[in-house]
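Student:
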Amino acid sequence: MNPIDDQTNLSPQQGTSSSPQTNPQYPNLTDLDDIDDDDDGDDDCLDSIDDIQHILQTFGTNDSSILTIDYFDSRRYEIMYEIMNVEKQFEQLKNILYDESVSLIDNKLLSIQNEQAPEYQDELKKLYDDMQLRLEIAKQRRHIELESLENSYQAELLSLQQTLENDKFLLYHHMHEDIQRKIDELEILKSKTQVCSNILQEMFPQNQQQLISPNKKRFDSPESLKENKKQRKMNYFNV
């Protein structure tokens, strides 16, 4: 269809219409509507579409011979190119923002590891104070437990020494009593023997003197026995 023929058939009301969608002078406006519907979500191409509408409104009543299909195709390509540039710039900005975010997080982690982050200084100070308090409590507890172990050791050692002394005393006392009992039995036996000897000496004075010489007596007198017993008791108490 020739745009010149369309212009001759155009009524004045249609030529002065402000809306490009209701203007039958431009049959290619349907392509523009398709572009608008496809790119409705891209805010960056709205300015280009407004420019096209402005051109249509400006040249609608004057000369429409220049508004050909090639013109709209070139404008569509230009808009698509601008959209692609905007998308590339957006992708670059997004990558830059990601790199900056990663770098910021790494720097923050590094400052935290080096204990230089200002927002964690108070918390770190509290943690260090708590650690120092726990260390001091652990030292005091260790000292108390060592003293307790030392006291237990000394008490056990003293108990063993006392038990040993008691066992030694009991053993000595038992052995002394046993020996004293045997000595007493021997003393009694000796006394009995002495009595028997005296009786035999009285009954047979001559024979007894011949059998037992004065220098070789087997038994002592009762006085000497008492003295020996007294001396043994004194020795026992001295020990």
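FYI, in this note's numbering the residues of the sequence shown are -18 to 220. We put the beta carbon where it would ideally sit given N, CA and C, even for glycine.
1) Please list the segments of the alpha helix (DSSP H) lying wholly inside the stretch 86 to 166, counting only runs of 4 or more residues, in order along the chain.
2) Under a Cβ-count criterion, where at least 16 other Cβ atoms within 10 Å of its own Cβ denotes burial, should Ile221 be classed as buried or exposed?
3) To the nearest angstrom, report how far apart Gln2 and Leu78 are at their CA atoms.
4) To the nearest angstrom, report how far apart Glu131 and Ile118 are at their CA atoms.
5) Buried or exposed, going by whether 16 or more other CB atoms sit within 10 Å of the CB of Phe71?
6) By Cβ distance below 8 Å, which residues in the same chain neighbour Glu128 in space, the five residues on each side in sequence not counted?
7) Within 10 angstroms of the Cβ of Phe53, are there 16 or more other Cβ atoms? Answer buried if so, exposed if not.
8) What does the alpha-carbon distance come out to for the pair Tyr153 and Lys173?
9) Which of the three DSSP states is assigned to Asp18 in this structure?
10) What is the DSSP secondary structure of Phe185, reduced to helix, strand or coil?
Tutor: So, from the data block:
1) If we require 4 residues or more, the stretch 86 to 166 turns out to have no alpha helix (DSSP H) run fully inside it.
2) The requested residue 221 is not part of the displayed model; the chain covers only -18 to 220.
3) The pLDDT assigned to Gln2 is 41, lower than 50, so where the model puts this residue is not dependable; a value taken from the coordinates is nonetheless given after this. Straight-line Cα distance between these residues: approximately 42 Å.
4) Between Glu131 and Ile118, the alpha-carbon positions lie close to 20 Å from each other.
5) Burial state of Phe71 is exposed, judged by a 10 Å Cβ sphere holding fewer than 16 other Cβ atoms.
6) So the list is empty, once near-sequence residues are dropped.
7) Its Cβ being crowded by 16 or more others within 10 Å, Phe53 is buried.
8) If I take the Cα positions, the gap works out to 30 Å.
9) For Asp18, the pLDDT reaches just 46, beneath the cut-off of 50, and the residue's location in the model is therefore unreliable, although a value from the coordinates is still provided. Helix.
10) Residue state, collapsed to three classes: coil.
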